[in-house]
Amino acid sequence: MFGWEFPPHVAGGLATACYGLTKGLAKHGVDMLFVVPKAYGDEDQSATRIVSAENFEYTGSDTELELLWKHLIYIEAGSNLIPYLSPEEFENISHDVSSKGISHTSHFRHKFRFSGGYGKNLMNEVVAYALLAYNIAKQHIHEFDIIHAHDWLTYLAGISAKRASGKPLVIHVHATEFDRSGENVNQMVYDIERRGMQEADKIITVSNLTRNIVINRYGIDPHKVVTVHNAVDFNTNKFEDIEHGTTEKVVTFLGRITYQKGPDYFVEAAYKVLKRHKNVRFVMAGSGDMLNRMIRHVARLGIADRFNFTGFLRGDDVQQMFALSDVYVMPSVSEPFGISPLEAMRAHVPTIISKQSGVAEILKHAVKIDFWDVDAMADAIYGILSYPALTDMFIRLGDEEVESLKWDKAAMKVKSVYEQVCGSSA
Amino acid sequence: MKQTLCLYFQVHQPFRLRRYRFFDIGKDHYYYDDFSNRSIMRKIAERCYLPANAVILELIKKHKGKFKVSYSITGSALEQFELYAPDVLESFKALAKTGCVEFIGETYSHSLSSLAHPREFEVQVKRHSDAMEHYFGQRPKTFRNTELIYSDAIGEQVAKMGFTTMLTEGAKHVLGWKSPNFVYANANNPKLKILLRNFRFSDDIAFRFSDRNWNEFPLTAEKYTAWLNATDKKDEVVNLFMDYETFGEHQWAASGIFEFLRYLPRTVIANSNFEFLTPTEASKKHQVVAPVLVPHPISWADEERDLTAWLGNELQHEAFSKVYSLSEQITASNDAALQKDWQALQNSDHFYYMSTKWFSDGDVHKYFNPYETPYDAFINYMNVLSDFLLRVKNTASAVAPTVAKEKKISPAPKTTAKKAATKTTVAKKATAKTTVKPTVAKKVVKTAAPQKATVKKTTVKKASTKTATKKVTNPKASKK
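Chains as they are written, first to last, in the numbering used here: chain A, 1 to 426; chain B, 1001 to 1480.
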């Protein structure tokens, strides 16, 4: 299994999903070798062995490998690819990376030092990872039957491991370039994604929404693409009994404040609700490239006294925010899956989600609206605030529902994909 | 002695609510989705009511008094016939004239009032009986409650209102080893006879008729008659109770349901020991065998035959208690527009839409449901109800209890059939012209309320309330 990160070293949601999946698979008796660019040594290895690509030396000599290198090298003209990060993080990481000063002549016959994040030289790292994957696959050739690669960063690694071992490749699409960048896709990333999908024997997508994108936007044969919805494994909630600072009800948006997350629709809905409902406060938690625009917009609408921004929240702060909320809204324009509504439901917060999210495909006990339908969003917010029976229902049934979305079940489906792939290639 | 086959069909259409946003609260008092209500009524009229009524009429004529059926038609269905399908209403009137059709009483708004408020229940039953008498010239003697909801207490109250027979479900958990094929009596008042639905025979037609996976598919009149003949010879009455929409709507015409309906009476009359009787006749003919004990309410819905489809979760209980909390104020108010809306808001369908029971097997029930989720249904209903609550509050403070003249605008309309037909076409056109009209009508309502308080000339008052009710609340257009 090729991943880019593994808990506790988490930059995006990918690591959490990989972690859950490996635990689920281990329960079903699947042995895994999880390769990351950089292992820190403190990863939880109870479910899978973690292998760091850094510990491998690259000794490319045979002709096949040369050929591979030729195919890959054209993507090496790296650019500032920051797929998942907020501006603050972007700044930190790009600073980190430039100070480390990786030179890409060090590829051959040397170990490669990975940043393990999503830095400036991301493309270099992606390619280097792919090259090392070839060796890793050769060395461990008798220890695995299937190659499983998570998201585009590892697709090339998956492909080269497939070339090295001749074993089938499953790629796992947690998000596509269209989810990250809207219509302004990065052509290089798109090309890598498409290559990965073409070379894969089977593709797993996290929702039917993503599956359709894979089929329609990448031109992939529908029979090859299977949806396995993500799941969640929660620890217990620490902040359940927190006290509210005000008597007002709190409606929360929590996520990156970027185009895809639909923060502007949330502001519009807030404006409509505030016109009719006095005892309510709106909170936008997170940061992103649209943050300043949102602040200006809120000021222009004259609702700034009832609309707060918290900036980026981490760890416990997120839990605390949920505990303070009476309604959680996720108005995403495009969301391959979307785990945060599940966290909100888990924290007993009634949830409104957009139909354009993968999670809407499996959730029953949430209000579902079109992201652009501000009237419906406002109406749902007002309804939950005004009619307490709704909150009672959501708390009771939402808890049950989230409880039932276990990685166990998702892993079972992934395992059956493995079995299909092995069956057809054997 | 001949055994009895008793046919009863339920005819009901709710007034579906329009998408009512919270910002409409206090501003817009029009609640109904005219487009859906009209198009659904027209669709079902063409597919079911008109062709089915034609078949029934033909059967009655052919068998010269040997074929009998009974109907229960709700007030909201009648109002929609007036508005959108006067042809259907005429065809029911034609059936009534044959003398072979019994019209059964129920609550006017197909409501759950029997579970909420005895007096409100009584008012609605009376209103419905008045309507039956007005349209079909007979005052119901037999009663069926909304969704066949029944308990000993409800039966007792129904007996007090003068009904002699009541219909309900032959629920297994109530009957135990007993057969539904006899006449029973209410446990508290043995004078009220109880007819129990034979759900196997009923559902063979209503649910399984066109099911190709059913091992008895296809069902023919001969096969069905053979099954009837195979029942115990001591059985006295087999009750087939079902939605009238079974014919042509739930079971499409292409399934052969109309042919089945056409040939069943002939085979039954010729080849069996059964005769067709209406519920009242059946309960007169057969002796009561025993009282039936139903301490907790039952219905004809789902496997459980209980109330959980309408009152199964928090949302439903909340909406239910809110709407019935108004009971006293509404009866005191005498405001026709308000009463009209209140009736529509009591349709049991609104509560059915809020059910969370169907998440597991949604398809059958989705068919009846205009909302995507129960939450959606609840929010929309509560928004409407919030506006309604405000109106009730405002009129309660504005209107002194002196307005007795308004009583004229209570139940039974008194125009002739012809007049009703022409008038409704006018009303139809008015609503068809869409958006502009309702806003005009709204203004009328707004001004109408204060007028009552300041008591102007009666002629003005009459005129304004008349137009208001006509356009705003989809009433019977033939009101005087």
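Idealized CB from N, CA, C, for every residue including glycine.
Tell me which residues share the same chain as residue i and place their Cβ nearer than 6 Å to its Cβ, disregarding the 5 neighbours each side in the sequence.
i               : result
G1059 (chain B) : One detail in the question is off: residue 1059 (chain B) reads as Leu in this sequence, not Gly. For L1059 (chain B), where only same-chain residues beyond five positions count, the Cβ hits under 6 Å are F1067, P1265.
With a Cβ-Cβ cutoff of 8 Å, do residue i and residue j count as a contact?
i               : j               : result
R281 (chain A)  : R306 (chain A)  : yes
E1106 (chain B) : F1143 (chain B) : yes
Y141 (chain A)  : F56 (chain A)   : According to the sequence shown, residue 141 (chain A) is Ile rather than Tyr. No. Outside cutoff.
A1504 (chain B) : L1385 (chain B) : There is simply no residue 1504 (chain B) to check, as chain B begins at 1001 and stops at 1480 in what is shown.
S1076 (chain B) : F1015 (chain B) : yes
L21 (chain A)   : V414 (chain A)  : yes
K406 (chain A)  : D233 (chain A)  : yes
M330 (chain A)  : S357 (chain A)  : yes
S1114 (chain B) : V1294 (chain B) : no
R1042 (chain B) : A1085 (chain B) : yes
K446 (chain A)  : V173 (chain A)  : Any question about residue 446 (chain A) goes unanswered here, given that chain A covers just 1 to 426.
Based on Cα-Cα distance, which residue from the options lies nearest to residue i?
i               : options                            : result
E177 (chain A)  : A:M197, A:L169, A:K355, A:G302     : A:M197
L313 (chain A)  : A:I303, A:V283, A:I295             : A:V283
L1195 (chain B) : B:Y1353, B:R1208, B:D1204, B:S1179 : B:S1179
Q1013 (chain B) : B:R1038, B:E1304, B:Q1316          : B:R1038
T227 (chain A)  : A:I352, A:F394, A:V417             : A:V417
T247 (chain A)  : A:M290, A:D326, A:M330             : A:D326
N1229 (chain B) : B:I1269, B:D1335, B:K1064, B:S1070 : B:I1269
F322 (chain A)  : A:R296, A:A269, A:W407, A:L254     : A:L254
S181 (chain A)  : A:E403, A:G20, A:V333, A:H348      : A:V333
F1351 (chain B) : B:I1330, B:A1377, B:W1342          : B:A1377
V1174 (chain B) : B:E1281, B:P1190, B:E1156, B:I1149 : B:I1149
K27 (chain A)   : A:A47, A:L33, A:Y40                : A:A47
V51 (chain A)   : A:V35, A:Q45, A:D42, A:D44         : A:V35
E401 (chain A)  : A:K167, A:D370, A:V359, A:C422     : A:V359
C422 (chain A)  : A:K275, A:A231, A:G166             : A:G166
F1207 (chain B) : B:M1166, B:W1252, B:V1292, B:A1336 : B:W1252
D373 (chain A)  : A:Y218, A:L209, A:Y265             : A:Y265
N1380 (chain B) : B:Q1080, B:Y1032, B:H1110          : B:Y1032
R1391 (chain B) : B:N1347, B:P1279, B:W1342          : B:W1342
Give me, in chain order, the residues of the same chain whose beta-carbon lies closer than 7 Å to that of residue i; leave out the 5 immediate sequence neighbours on both sides.
i               : result
W152 (chain A)  : V189, I192, E193, G196
A1290 (chain B) : Y1184
L1095 (chain B) : N1053, I1056, L1057, V1101
G383 (chain A)  : L390
Y259 (chain A)  : G182, M290, V333
A380 (chain A)  : I352, V367, I369
I146 (chain A)  : K167, P168, V170, Y418, V421, C422
How big is the Cα-Cα spacing for residue i and residue j?
i               : j               : result
V1123 (chain B) : V1183 (chain B) : 28 Å
I1044 (chain B) : E1245 (chain B) : 8 Å
R256 (chain A)  : P263 (chain A)  : 9 Å
H1286 (chain B) : F1388 (chain B) : 48 Å
L1097 (chain B) : Q1316 (chain B) : The amino acid occupying residue 1097 (chain B) in the given sequence is Lys; Leu does not appear at that position. Each residue's Cα considered, the two are about 41 Å apart.
L1007 (chain B) : C1048 (chain B) : 17 Å
Y1108 (chain B) : A1159 (chain B) : 18 Å
A15 (chain A)   : T310 (chain A)  : 25 Å
P37 (chain A)   : G3 (chain A)    : 8 Å
K1322 (chain B) : Q1329 (chain B) : 13 Å
H1063 (chain B) : L1050 (chain B) : 20 Å
R49 (chain A)   : M32 (chain A)   : 7 Å
M294 (chain A)  : H277 (chain A)  : 21 Å
S386 (chain A)  : D1028 (chain B) : 19 Å
L1338 (chain B) : L1345 (chain B) : 11 Å
E54 (chain A)   : Q45 (chain A)   : 18 Å
E88 (chain A)   : H348 (chain A)  : For E88 (chain A), the predicted model reports a pLDDT of 47, less than 50, meaning its position is unreliable and no value from the coordinates is stated.
If you drop the 5 nearest sequence neighbours on each side, which residues of the same chain put their C-beta closer than 8 Å to that of residue i?
i               : result
L301 (chain A)  : V267, Y271
P1374 (chain B) : N1313, L1315, Y1353, M1354, S1355, T1356
P7 (chain A)    : A15, T16, Y19, E43, D44
TODO: Within the segment 351–377 of chain A, note down every full beta strand (DSSP E) run reaching 3 residues or more, in order along the chain.
DONE: Under the rule that a run must span 3 or more residues, the beta strand (DSSP E) segments found entirely inside the segment 351–377 of chain A read 351–354, 367–369.
Task: Start-end ranges of the beta strand (DSSP E) lying completely within the segment 309–350 of chain A, minimum 3 residues - done: 327–330, all fully within the segment 309–350 of chain A.
Task: Start-end ranges of the alpha helix (DSSP H) lying completely within the segment 1288–1368 of chain B, minimum 4 residues - done: Complete alpha helix (DSSP H) runs here, min 4: 1314–1324, 1327–1333, 1336–1345, 1348–1353, 1363–1366.
- [ ] Could you tell me which uninterrupted beta strand (DSSP E) segments, each at least 3 residues in length, are contained entirely in the segment 259–309 of chain A, listed from first to last along the chain?
- [x] Listed in chain order, they are 280–285.
Open item on the list: Quick check for students: name the residue ranges of the alpha helix (DSSP H) that lie wholly in the segment 1004–1087 of chain B, counting only runs of 4 or more.
Closed with: Counting whole runs of 4 or more residues, the segment 1004–1087 of chain B contains the alpha helix (DSSP H) stretches 1034–1044, 1050–1063, 1075–1084.
Open item on the list: Runs of 4 residues minimum, wholly inside the segment 1199–1264 of chain B: which ones carry the alpha helix (DSSP H) assignment?
Closed with: If you keep only unbroken alpha helix (DSSP H) runs of at least 4 residues inside the segment 1199–1264 of chain B, you get 1199–1206, 1221–1229.
- [ ] Mind listing, in chain order, the continuous alpha helix (DSSP H) runs of no fewer than 4 residues lying wholly within the segment 150–216 of chain A?
- [x] DSSP assignment within the segment 150–216 of chain A yields the following whole alpha helix (DSSP H) runs of 4 residues or more, N-terminal first: 155–165, 177–181, 187–199.
Open item on the list: Please give me, in chain order, every unbroken run of the beta strand (DSSP E) with length at least 3 that falls completely inside the segment 1080–1166 of chain B.
Closed with: When DSSP assignments are scanned along the segment 1080–1166 of chain B, the uninterrupted stretches of beta strand (DSSP E) that are 3 or more residues long and fall wholly within it turn out to be 1101–1103, 1142–1144.
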